[in-house]
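First the structure, in the form of C-alpha coordinates, and then the observations on it.
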(Lines of atoms letter the chains of each structure in order from A and count residues from 1; the text may use other names and numbers.)
(Lines give C-alpha, C1' and ligand atoms only; values in the text may rest on other atoms or scores of the structure.)
Protein backbone atom coordinates (compact mmCIF):
# COMPACT_ATOMS: atom_id res chain seq x y z
CA UNK A 1 0.00 0.00 0.00
CA UNK A 2 1.22 3.53 -0.88
CA UNK A 3 1.42 6.06 1.88
CA UNK A 4 0.28 9.70 1.65
CA UNK A 5 3.89 10.90 1.79
CA UNK A 6 4.83 8.83 -1.27
CA UNK A 7 1.82 10.12 -3.26
CA UNK A 8 2.77 13.75 -2.55
CA UNK A 9 6.30 13.13 -3.80
CA UNK A 10 5.06 11.56 -7.04
CA UNK A 11 2.42 14.16 -7.92
CA UNK A 12 3.22 17.20 -10.13
CA UNK A 13 5.78 17.81 -12.86
CA UNK A 14 9.48 17.30 -12.67
CA UNK A 15 11.85 20.04 -13.78
CA UNK A 16 12.74 18.02 -16.89
CA UNK A 17 9.09 17.70 -17.89
CA UNK A 18 8.56 21.41 -17.34
CA UNK A 19 11.60 22.27 -19.48
CA UNK A 20 10.37 19.98 -22.28
CA UNK A 21 6.94 21.65 -22.26
CA UNK A 22 8.51 25.12 -22.37
CA UNK A 23 10.83 24.08 -25.22
CA UNK A 24 7.90 22.75 -27.26
CA UNK A 25 5.96 25.98 -26.67
CA UNK A 26 8.95 28.07 -27.79
CA UNK A 27 9.29 26.04 -30.99
CA UNK A 28 5.60 26.50 -31.76
CA UNK A 29 5.78 30.23 -31.00
CA UNK A 30 8.80 30.66 -33.27
CA UNK A 31 6.77 29.16 -36.13
CA UNK A 32 3.75 31.42 -35.52
CA UNK A 33 5.59 34.78 -35.47
CA UNK A 34 6.76 34.66 -39.12
CA UNK A 35 3.27 33.56 -40.20
CA UNK A 36 1.78 36.55 -38.43
CA UNK A 37 4.21 38.93 -40.19
CA UNK A 38 3.45 37.31 -43.54
CA UNK A 39 -0.29 37.61 -42.89
CA UNK A 40 0.05 41.30 -41.96
CA UNK A 41 2.00 42.00 -45.16
CA UNK A 42 -0.60 40.12 -47.20
CA UNK A 43 -3.38 42.21 -45.64
CA UNK A 44 -1.58 45.48 -46.35
CA UNK A 45 -1.01 44.43 -49.95
CA UNK A 46 -4.68 43.53 -50.39
CA UNK A 47 -5.65 46.93 -48.97
CA UNK A 48 -3.15 48.65 -51.29
CA UNK A 49 -4.66 46.91 -54.33
CA UNK A 50 -8.17 47.91 -53.21
CA UNK A 51 -7.09 51.52 -52.60
CA UNK A 52 -5.43 51.82 -56.02
CA UNK A 53 -8.52 50.32 -57.65
CA UNK A 54 -10.78 52.82 -55.86
CA UNK A 55 -8.68 55.81 -56.95
CA UNK A 56 -8.44 54.53 -60.53
CA UNK A 57 -12.21 54.00 -60.62
CA UNK A 58 -12.68 57.61 -59.46
CA UNK A 59 -10.33 58.81 -62.22
CA UNK A 60 -12.21 56.74 -64.81
CA UNK A 61 -15.59 58.09 -63.65
CA UNK A 62 -14.26 61.66 -63.82
CA UNK A 63 -12.99 60.96 -67.36
CA UNK A 64 -16.35 59.49 -68.41
CA UNK A 65 -18.22 62.53 -67.09
CA UNK A 66 -15.78 64.85 -68.88
CA UNK A 67 -16.16 62.97 -72.19
CA UNK A 68 -19.96 63.13 -71.85
CA UNK A 69 -19.67 66.89 -71.34
CA UNK A 70 -20.98 66.81 -67.79
CA UNK A 71 -17.78 68.38 -66.44
CA UNK A 72 -16.53 71.60 -67.94
CA UNK A 73 -12.75 71.69 -67.93
CA UNK A 74 -10.79 74.91 -68.13
CA UNK A 75 -7.73 73.50 -69.88
CA UNK A 76 -7.63 71.49 -73.11
CA UNK A 77 -4.43 69.73 -71.93
CA UNK A 78 -6.42 68.00 -69.18
CA UNK A 79 -7.58 65.41 -71.77
CA UNK A 80 -10.65 64.73 -69.62
CA UNK A 81 -8.71 63.99 -66.43
CA UNK A 82 -8.56 66.00 -63.18
CA UNK A 83 -5.69 68.40 -62.53
CA UNK A 84 -4.95 66.74 -59.16
CA UNK A 85 -6.21 64.16 -56.69
CA UNK A 86 -7.46 67.05 -54.56
CA UNK A 87 -9.93 67.93 -57.34
CA UNK A 88 -11.51 64.48 -56.88
CA UNK A 89 -11.93 65.20 -53.16
CA UNK A 90 -13.07 68.83 -53.41
CA UNK A 91 -15.55 67.93 -56.12
CA UNK A 92 -16.53 69.50 -59.41
CA UNK A 93 -19.78 70.81 -60.81
CA UNK A 94 -21.48 68.03 -62.76
CA UNK A 95 -24.24 68.64 -65.28
CA UNK A 96 -25.08 71.59 -67.47
CA UNK A 97 -23.64 74.65 -65.69
CA UNK A 98 -26.56 76.77 -66.92
CA UNK A 99 -29.12 74.28 -65.59
CA UNK A 100 -30.57 74.43 -62.07
CA UNK A 101 -29.94 70.66 -61.87
CA UNK A 102 -26.16 71.08 -61.86
CA UNK A 103 -24.63 69.64 -58.71
CA UNK A 104 -21.22 69.35 -57.11
CA UNK A 105 -19.92 65.82 -57.11
CA UNK A 106 -17.04 64.40 -55.09
CA UNK A 107 -15.31 61.39 -56.60
CA UNK A 108 -13.36 60.56 -53.42
CA UNK A 109 -14.14 61.39 -49.80
CA UNK A 110 -10.47 61.86 -49.02
CA UNK A 111 -7.11 60.99 -50.48
CA UNK A 112 -6.43 57.55 -49.05
CA UNK A 113 -3.33 56.57 -47.12
CA UNK A 114 -0.93 54.11 -48.73
CA UNK A 115 -1.01 51.13 -46.33
CA UNK A 116 2.63 50.28 -47.06
CA UNK A 117 4.18 53.75 -46.55
CA UNK A 118 1.38 54.88 -44.19
CA UNK A 119 1.31 58.28 -45.93
CA UNK A 120 -1.20 59.92 -48.25
CA UNK A 121 1.47 60.49 -50.92
CA UNK A 122 1.05 58.77 -54.27
CA UNK A 123 2.98 58.67 -57.49
CA UNK A 124 1.04 60.37 -60.28
CA UNK A 125 1.16 60.08 -64.06
CA UNK A 126 -0.25 62.49 -66.63
CA UNK A 127 -1.89 61.32 -69.82
CA UNK A 128 1.07 62.92 -71.61
CA UNK A 129 3.66 60.93 -69.57
CA UNK A 130 5.05 57.53 -70.56
CA UNK A 131 3.07 54.64 -69.09
CA UNK A 132 6.00 53.63 -66.86
CA UNK A 133 7.19 57.15 -66.00
CA UNK A 134 8.29 57.86 -62.44
CA UNK A 135 7.88 61.61 -62.78
CA UNK A 136 4.63 63.51 -63.09
CA UNK A 137 4.29 65.98 -65.94
CA UNK A 138 1.67 67.97 -64.01
CA UNK A 139 -0.87 68.42 -66.83
CA UNK A 140 -3.47 66.09 -65.30
CA UNK A 141 -3.80 62.89 -63.27
CA UNK A 142 -4.23 59.88 -65.54
CA UNK A 143 -2.94 57.18 -63.16
CA UNK A 144 -1.70 56.65 -59.61
CA UNK A 145 0.84 54.24 -58.16
CA UNK A 146 2.40 53.49 -54.80
CA UNK A 147 5.63 55.19 -53.75
CA UNK A 148 6.46 52.26 -51.46
CA UNK A 149 9.89 50.72 -51.84
CA UNK A 150 10.36 46.99 -51.87
CA UNK A 151 8.76 43.90 -53.29
CA UNK A 152 5.38 42.36 -52.74
CA UNK A 153 4.79 38.75 -51.81
CA UNK A 154 4.22 37.94 -55.50
CA UNK A 155 7.70 39.26 -56.37
CA UNK A 156 6.63 42.49 -58.10
CA UNK A 157 7.64 45.97 -57.02
CA UNK A 158 4.92 47.98 -55.29
CA UNK A 159 5.54 50.85 -57.70
CA UNK A 160 4.47 48.60 -60.60
CA UNK A 161 0.97 48.11 -59.22
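Numbering (this note's numbering), first residue to last: 1 to 161. Positions of the beta carbon are idealized from the N, C-alpha and C atoms, including for glycine. On a predicted model such as this, the values are computed, not experimentally measured, just so you know.
- Note that the segment 114–124 does not touch the segment 58–77; fewer than 3 beta-carbon pairs, one per stretch, sit closer than 8 Å.
- As a beta-bridge residue in DSSP terms, residue 124 pairs with 144.
- Per the Cβ contact rule, the segment 26–39 is not in contact with the segment 56–65 (fewer than 3 Cβ pairs under 8 Å).
- Taken through DSSP and simplified to helix, strand or coil, residue 27 comes out as helix.
- According to the DSSP secondary-structure assignment, residue 119 is paired through a beta bridge with 114.
- Nearest Cα to residue 148 within the set 13, 84 and 158: 158.
- Here the alpha carbon of residue 142 sits roughly 9 Å from the alpha carbon of residue 79.
- Inter-segment contact for the segment 82–91 and the segment 100–113 is present: three or more beta-carbon pairs are separated by less than 8 Å.
- Each of 110, 94 and 145 was checked against the Cα of residue 125, and the nearest Cα belongs to 145.
- The C-alpha of residue 82 lies about 60 Å from the C-alpha of residue 23.
- Annotated three-state conformation of residue 72 is coil, per DSSP.
- It is roughly 17 Å from the alpha-carbon of residue 62 to the alpha-carbon of residue 112.
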